[in-house]
């Protein structure tokens, strides 16, 4: 059950991150990366790894976007 919850949190974070692809909205990743990391934390408690790994990938994508924009753009 926690694996499914973790996956849903990761999906929510991914959906919220989609508009941050637009230039000058990359700063919003500072809000959405922690959501994905909370999902990964929930997935750590689960006996399966799928939700946790998905959340870590979403967080990595958000951090990469922050890196590309210098944390602001």
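In the working numbering, the protein residues as written are 1059 to 1131. Using N, Cα and C, we set each Cβ at its ideal position, and we do this for glycine too. In this text the structure is predicted, and so the values were computed from the model without any measurement.
Query                                                                                                                                          : Result
Name the residue from 1088, 1096 and 1086 whose alpha carbon lies nearest to the alpha carbon of residue 1114.                                 : 1096
Taking all protein chains shown into account, decide if residue 1059 is buried (16 or more other Cβ within 10 angstroms of its Cβ) or exposed. : exposed
Taking residue 1075 as the reference, which of 1117, 1131, 1127 and 1126 has the closest Cα?                                                   : 1117
Following the continuous alpha helix (DSSP H) through residue 1105, name the residue where it begins and the one where it ends.                : That residue, residue 1105, is in no alpha helix (DSSP H); it is neither H nor E in DSSP.
Flag this pair as yes or no: are the beta carbons of residue 1131 and residue 1082 separated by less than 8 Å?                                 : yes
Going straight from the alpha carbon of residue 1102 to that of residue 1063, what length do you get?                                          : 11 Å
Nearest to residue 1068 by CA position, among 1093, 1122, 1124 and 1088, is which residue?                                                     : 1093
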